[in-house]
Amino acid sequence: MSQDAKSSKQRKSSDDWKDALSDLRKQQKLAHNPAPDDPGYLRQKQNGKLHVRERLAALLDPDTFMEIGSITGSPVYDESSGELKSFLPTNLITGWGKVQGRKVFVTADDFSVRGGHADGGIAGKAPYGEVQARKAKVPLIRLLDGSSGGGSVTTYLSTGATYIPGLAGLGQSMDAMSVVPVSSALLGPVVGLGAAKAVIGHFSVMVKGVSQLFAAEPPVVKQATFEDLTKEQLGGWEIHARNGTVDNVAISELDAFQQIRTFLSFLPPSIFVLPPVHNTNDLATRREEELISIIPRRRGRSYDIRRLIRLIVDNPTDDTPGFFEIGSTWGQNIVSGFARLSGRSIGVLASDCTVNGGAIDALGSQKTARFVNLCDQFNIPILNLVDQPGFAIGSLAERMATIRHGASAIAALYHASIPIYTVIIRRAFGVAGSGFTDPEDGKNTRIAWPSADWGSLPLEGGIEAAYKRQLDSAESPEAREKLIQDLLIRFEDVRSPLRTANKFGVEEIIDPRDTRPIVCDWAIHVYEHVLPPLVSSRTVAFGTQAGRRVYRL
């Protein structure tokens with residue numbers, strides 16, 4: 067019996083719509099509750115993975131998920147009785163929910179149905195979710211597991227023809243990304259279209275030992291390049307969390323969900339409003355005695371930049387960390403992440419002197435540009451803690467196009483329209499030092515600690531270049547080293563930051579213990595007086611002009 071015939075029979079046998087609702091409930095029940103012996107469900111469990119419904123329950127606030135497209139799929143009816151026999155649901159679940167009380171839209175792959183390949187209305191559901199998030203001005207969360215709507219050669223047989231591939235919703239993804247925060251959790255093998263979606267967003271997190279990402283799966287790679295690789299060797303976290311393809315790594319699916327919740331807690335729901343203010347109950351006047359000695363007097367020694375950051379920003383609370391780092395596994399000479407000052411969301415940008423002395427390389431430059439652009443898009447001011455010895459040098463740095471990527475980082479800082487408060491805590495040398503500290507556009511503020519050290523190039527290396535002839539003529543290595551030390555002593559007074567402040571070459575030098583009170587006052591002020599007012603909901607992001615976002619009706 068056809069579906070139309072069945073519906074006609076129902077209408078004739080009843081004066082109300084209870085039969086239709088009964089059929090709806092049966093389909094929903096079958097879609098929501100996979101059979102315990104279902105091969106796809108068993109495969110998920112055997113691989114140590116949560117089922118898609120369990121994932122939604124773990125990510126969202128309790129009882130807040132409202133599904134859209136709950137019976138998208140393929141029902142099968144008994145030919146004689148018209149009764150529902152089985153139901154093959156779509157492998158993409160979409161709907162509204164809440165995270166920490168704030169509305170979101172979620173799209174979640176169901177890898178237990180045909181391994182996540184396109185099926186049962188997924189082609190319509192995927193872009194629908196991206197559009198809804200953008201129109202509603204709420205964050206979009208993707209739970210990726212499979213190809214996320216990507217192709218399968220079996221589709222050719224079911225449709226009776228091949229087809230020219232389209233963007234398959236990626237256009238809507240990019241539109242959504244321009245308006246609302248987009249985050250993705252990679253919860254299995256993420257392939258093709260799913261891999262593209264993973265990187266078309268603002269934050270992504272992989273799960274160790276569970277997720278992989280690649281443009282094509284190992285069998286396809288083997289046929290094309292003759293490389294016989296496992297999924298982990300081809301696209302595991304060791305590959306993509308170290309090259310910047312994904313931002314963070316989680317130790318479990320639950321950890322991945324918590325990282326997404328934390329990320330979103332620092333961001334506004336859309337570009338049209340400012341980030342939320344949280345009460346952290348941390349005094350803005352708090353002065354940390356440790357800051358007076360955290361930078362070693364001996365310039366060659368390192369220190370813990372993350373410890374320094376945590377001494378300045380708001381202390382952690384039960385529902386938010388003091389400092390949420392983004393990208394800790396890649397571009398490691400740069401440290402970036404979110405924190406709060408007097409409850410206000412800020413981005414934090416710094417260098418890690420324990421990694422190649424803190425010199426910024428190609429990946430660190432890419433990380434800087436990506437993070438600054440993220441903050442700029444969502445009106446999050448940046449606390450810029452500078453200890454920048456310059457660009458990485460040497461043959462590897464040249465092969466990695468460090469200067470080109472470095473220029474992109476400098477451009478991102480220069481064109482950012484958000485307030486940036488720069489604190490020079492130690493070094494600022496060369497072009498890179500200039501790019502991280504130059505306030506000539508008049509938008510930003512710059513101060514320094516008494517440990518600051520700056521110039522066109524580090525003094526030690528500069529002496530080697532400027533006095534090369536005298537040094538080369540030294541009678542012995544010991545004599546050469548003594549000459550270097552004598553020259554350093556001659557320059558020591560000149561390199562004092564107080565000498566620069568005497569000439570107003572730096573605006574102010576402060577006691578490091580006063581840093582938190584000063585930057586908290588700055589954060590409160592920029593949120594109340596500097597950040598852009600709310601933009602009309604009838605406007606959309608159109609582009610940039612002179613480094614500032616332009617909105618058109």
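Position one of the sequence shown corresponds to residue 67 (the working numbering), numbered consecutively onward. The beta carbon of each residue, even a glycine, is placed where N, CA and C say it ideally should be.
Residue nearest to residue i in terms of C-alpha spacing, selected from the options
i: residue 456; options: 418, 271 and 437; result: 418
i: residue 273; options: 260, 306 and 488; result: 306
i: residue 23; options: 148, 153, 132 and 254; result: With the chain covering 67 to 619 only, the question about residue 23 has no answer from this structure.
i: residue 385; options: 432, 376 and 331; result: 331
i: residue 584; options: 254, 362 and 351; result: 351
i: residue 338; options: 396, 443, 174 and 400; result: 443
i: residue 335; options: 459, 245, 212 and 208; result: 245
i: residue 459; options: 452, 423, 486 and 590; result: 423
i: residue 195; options: 243, 420, 212 and 165; result: 243
i: residue 476; options: 453, 466, 463 and 438; result: 438
i: residue 208; options: 392, 239, 229 and 420; result: 239
i: residue 504; options: 536, 537, 545 and 452; result: 452
i: residue 590; options: 411, 468 and 144; result: 411
Straight-line Cα distance separating residue j from residue i
i: residue 597; j: residue 582; result: 20 angstroms
i: residue 415; j: residue 515; result: 17 angstroms
i: residue 587; j: residue 241; result: 36 angstroms
i: residue 313; j: residue 387; result: 17 angstroms
i: residue 440; j: residue 201; result: 20 angstroms
i: residue 260; j: residue 190; result: 15 angstroms
i: residue 127; j: residue 512; result: 42 angstroms
i: residue 300; j: residue 594; result: 48 angstroms
i: residue 377; j: residue 354; result: 7 angstroms
i: residue 83; j: residue 137; result: 17 angstroms
i: residue 433; j: residue 248; result: 18 angstroms
i: residue 177; j: residue 431; result: 36 angstroms
i: residue 163; j: residue 90; result: 22 angstroms
i: residue 270; j: residue 401; result: 17 angstroms
i: residue 100; j: residue 118; result: 10 angstroms
i: residue 564; j: residue 519; result: 10 angstroms
i: residue 285; j: residue 348; result: 54 angstroms
i: residue 620; j: residue 542; result: Outside the shown range of the chain, which is 67 to 619, sits residue 620, and nothing can be said about it.
i: residue 231; j: residue 237; result: 13 angstroms
i: residue 147; j: residue 85; result: 14 angstroms
i: residue 165; j: residue 125; result: 7 angstroms
i: residue 311; j: residue 428; result: 14 angstroms
i: residue 580; j: residue 478; result: 29 angstroms
i: residue 391; j: residue 539; result: 50 angstroms
i: residue 206; j: residue 295; result: 33 angstroms
Secondary structure of residue i, DSSP reduced to three states
i: residue 145; result: coil
i: residue 208; result: strand
i: residue 420; result: coil
i: residue 493; result: strand
i: residue 246; result: coil
i: residue 568; result: helix
i: residue 547; result: helix
i: residue 154; result: strand
i: residue 321; result: helix
i: residue 93; result: helix
i: residue 358; result: helix
i: residue 182; result: Here residue 182 scores only 49 on pLDDT, less than 50, and its place in the model is too uncertain to base an answer on.
i: residue 520; result: strand
i: residue 386; result: strand
i: residue 457; result: strand
i: residue 368; result: coil
i: residue 611; result: At residue 611, the pLDDT of 38 sits below 50, so the modelled position is not reliable; the number obtained from the coordinates is stated separately. Here residue 611 sits in strand by DSSP.
i: residue 472; result: helix
i: residue 584; result: helix
i: residue 426; result: strand
Residue i - partner residues in DSSP beta bridges
i: residue 410; result: 343 and 407
i: residue 487; result: 449 and 511
i: residue 173; result: 160 and 208
i: residue 316; result: 273
i: residue 168; result: 165
i: residue 255; result: 278
i: residue 132; result: 162
i: residue 400; result: 417
i: residue 539; result: Looking at the DSSP assignment, residue 539 forms no beta bridge with any residue, so it has no partner.
i: residue 139; result: 155
Residue i: CB within 6 angstroms of a non-hydrogen atom of the ligand ATP
i: residue 361; result: You won't find the ligand ATP in this model; it holds no ligand whatsoever.
Counting Cβ pairs closer than 8 angstroms, one from the stretch 397 to 410 and one from the stretch 362 to 369, do we hit at least three? no
Would the stretch 99 to 112 and the stretch 163 to 171 be scored as touching if the rule is three or more Cβ pairs under 8 angstroms? Counting Cβ pairs under 8 angstroms, fewer than three are found: no touch.
Does the count of Cβ pairs from the stretch 542 to 553 and the stretch 475 to 493 closer than 8 angstroms reach three? no
Please confirm if the stretch 477 to 485 is in contact with the stretch 442 to 453, defined as three or more CB-CB distances below 8 angstroms between the two stretches. yes
Is the number of C-beta pairs between the stretch 147 to 163 and the stretch 118 to 135 that are closer than 8 angstroms three or more? yes
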